[in-house]
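S.K.: Respectively, the protein sequence lines represent chains A and B.
Using the numbering used here, you'd call the opening residue of the first sequence number 2 and step up by one each time.
Using the numbering used here, you'd call the opening residue of the second sequence number 2 and step up by one each time.
Glycine is no exception: its CB is placed at the ideal position from the N, C-alpha and C atoms.
Before anything else, here's the structure in question.
Protein chains: 2
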Amino acid sequence: MADTTGAGEPTLDEQIAAYQREFQDLDPQVEKIVSALSRLNRRMNVAYGRQTGALGISNAEWEVLKALVLSGVPYRMGPSELAKRLGLTPAAMTHRIDRMVAGGLVTRARDESNRVRVIVELTPEGREKWLEAMRLASVFEEDLLQDLSLAERSVLGEVLTRLLRRVEHAQPDAGGRLTDLD
Amino acid sequence: MADTTGAGEPTLDEQIAAYQREFQDLDPQVEKIVSALSRLNRRMNVAYGRQTGALGISNAEWEVLKALVLSGVPYRMGPSELAKRLGLTPAAMTHRIDRMVAGGLVTRARDESNRVRVIVELTPEGREKWLEAMRLASVFEEDLLQDLSLAERSVLGEVLTRLLRRVEHAQPDAGGRLTDLD
DNA sequence: GATGTAGTCTTTAGCTTCGAACTTTATCTT
DNA sequence: AAGATAAAGTTCGAAGCTAAAGACTACATC
């Protein structure tokens, strides 16, 4: 379970109509964008989960592999750095690393120059898993976007990064309004 | 914690560059769109979480309220219907309803015409909570999209629903490819 | 060099979820 | 009717998460 496939969910247009019925002062166009974004993301995560599952790892483990690989050679990071990157508590990171060490995806060693620190390092097996997952993911992503023209891709990318900048550089105040930080 | 704010995360462009370095056959434009989508969604969920938290409910409870309100008067649904809608197991639904009954957001009653069934019904307090949350959310969403022109909003909505249709009407096969169902 | 303080993990307790087994009620078959 | 089958929720045990407390190391200050 925990499919989040959205089976039995109303169509997007039905949902917008219901919103309009229950909450009048709502811009349907805004709501459509927001709802589509959220749904699209959930469906994509389900797809990623199926792919990583087929490789015998979880999405959670895939994220750790991703952080390590993207950090570049020699593929090492400390647990707290990883935790911050993934938005986890240090406690959760400890346990996740435990599982991944047991699965042979990473190794854990004490930093000899500073014995408080721990070094998590990607194993060759872990790197290979990530590559396999990436191969599947990139095929899926290409297929997903295949109907979009080059112009549409360009606009979509630009608009999304603009929105991203807005949430990142602004924080909602108590009333929920976004106020610029800089 | 569990902020998922992405503190200490590389910028989007740095991340794309790292992908290129570690995995050559990747279309940077595709990856930019996908990464932006995912990040944007995480940041938005954090914002929603702050807002619902300020109202004394969790995002999880907010989702149940949403499903009930959108179902329309008389705001009633069965646990399994709710579970399917939210992508939860029946077990998780049972517990979530327990908590919401305790919090006065919904009531639980046996259906007298079919005593296997249970009816979860929104309380006036629950409906009011949802309205408050919606007021905050709609302000946030308007602010988020404020820099987009009408034309851009229209294109964005159209493109996103097209992508959504593609994931919904197609399922990735074992190799990860999306194959049309109809 | 003893003591305090800060930083980095790990441990513990409690919560939410999933998967699977179980209970209760309705329905179908004969 | 009687018994099998199906459907709807709940209960149970394990996994993974958070928050808070604890343990250990490094470093500053006296």
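#1: Less than 8 Å separating the Cβ of A/L83 from some heavy atom of the ligand FAD?
#2: Tell me which residue opens and which closes the beta strand (DSSP E) that B/V121 is part of.
#3: Between the C-alpha atoms of B/A93 and B/A152, what's the straight-line distance to the nearest angstrom?
#4: Below 8 Å CB to CB, which residues in the same chain sit around B/E169 once its five sequence neighbours on both sides are set aside?
#5: Any C-beta of chain B sitting closer than 9 Å to the C-beta of A/E23?
#6: Please return the same chain residues whose Cβ sits closer than 6 Å to the Cβ of A/S72, not counting the five positions on each side in sequence.
#7: Taking Cβ-Cβ distances shorter than 9 Å, what residues in chain A pair up with B/G73?
#8: In this structure, what does DSSP give as the bridge partners for B/M78?
#9: If you draw a straight line from the alpha carbon of B/M2 to that of A/A84, how long is it in whole angstroms?
#10: What's the gap between the Cα of A/P91 and the Cα of A/G105?
#11: Output the boundary residues of the alpha helix (DSSP H) element that contains B/T90.
#12: Does B/R116 come within less than 9 Å of chain A when only Cβ atoms are used?
#13: State buried or exposed for B/L132, treating a residue as buried only when at least 16 other CB atoms are found within 10 Å of its CB.
#14: Can you name, in chain order, every residue of its own chain whose Cβ lies under 8 Å from the Cβ of A/L13, other than the five neighbours on each side?
#15: Rounded to whole angstroms, what is the Cα-Cα separation between A/E82 and A/V70?
#16: Give a yes or no on whether the minimum CB-CB distance between A/E129 and chain B is below 9 Å.
#17: Rounded to a whole number of angstroms, what is the C-alpha to C-alpha distance between A/W63 and B/V74?
#18: Could you check the C-alpha separation between A/L27 and B/V102 for me, to the nearest Å?
#19: Would you report the Cα separation of A/R1 and A/Q25, rounded to the nearest angstrom?
#20: Taking the beta carbon of A/N115 as the centre, do at least 16 other beta carbons fall within 10 Å, making it buried, or is it exposed?
#21: Does the separation of the CB atoms of A/R199 and A/V119 fall below 9 Å?
#22: What beta strand (DSSP E) runs, 3 residues minimum, are completely inside the region 3-60 of chain B?
#23: If we ignore side chains and look at the alpha-carbon of each, how far apart do A/R154 and B/V117 end up?
#24: Answer with buried or exposed for A/E113, where buried requires no fewer than 16 other C-beta atoms within 10 angstroms of its C-beta.
#25: Quick one: grab the DSSP three-state call for B/R136.
#26: With 16 other CB atoms within 10 Å as the buried threshold, where does A/R97 fall?
#27: Hey, A/E10 and B/R111 are a contact pair by Cβ (cut 8 Å); roughly how many whole angstroms apart?
#28: Taking the beta carbon of A/R1 as the centre, do at least 16 other beta carbons fall within 10 Å, making it buried, or is it exposed?
#29: Quick one: list the residues of chain A neighbouring B/E143, beta-carbon separation under 8 Å, in chain order.
#30: For chain A, check one thing: does any of its Cβ atoms lie closer than 9 Å to the Cβ of B/Q16?
#31: With H, G and I counted as helix, E and B as strand and the rest as coil, what does DSSP make of B/R163?
#32: Would you decide whether B/Q52 is buried or exposed? Buried here means 16 or more other CB atoms lie within 10 Å of its CB.
M.R.: Checking against the coordinates, here is how it stands:
#1: Inclusion of the ligand FAD in the displayed structure is not the case, the ligand content being empty and no account of it being possible.
#2: 119-123
#3: 42 Å
#4: none
#5: yes
#6: Cβ-Cβ distances below 6 Å link A/S72 to M78 in the same chain, with the five nearest sequence neighbours on each side left out; the list follows chain order.
#7: A19, R22, E23
#8: When beta bridges are read from the DSSP output, B/M78 appears opposite B/V121.
#9: Confidence is the limiting factor: at B/M2 the pLDDT is only 41, short of 50, which leaves the residue's position unreliable, though a coordinate-based value still follows. Rounded to whole angstroms, B/M2 to A/A84 spans 10 Å at the Cα level.
#10: 21 Å
#11: Element bounds for B/T90: n/a, residue is neither H nor E.
#12: no
#13: exposed
#14: K33, S36, A37, R40
#15: 14 Å
#16: no
#17: 43 Å
#18: 29 Å
#19: Residue 1 of chain A lies beyond the stretch modelled for chain A, which goes from 2 to 183, so this question has no answer here.
#20: By the 10 Å Cβ count, A/N115 comes out exposed.
#21: An answer regarding residue 199 of chain A cannot be provided, because it is not within the stretch 2 to 183 covered by chain A.
#22: none
#23: 51 Å
#24: Residue burial is scored here from C-beta neighbours: A/E113 has fewer than 16 other C-beta atoms within 10 angstroms and is therefore classed as exposed.
#25: Helix, per DSSP.
#26: buried
#27: Here A/E10 is actually not in contact with B/R111; their C-beta atoms are around 26 Å apart, not less than 8 Å.
#28: Nothing about residue 1 of chain A can be read from this structure; chain A reaches only from 2 to 183.
#29: D28, V31
#30: yes
#31: helix
#32: By the neighbour-count rule (16 or more Cβ atoms within 10 Å), B/Q52 is buried.
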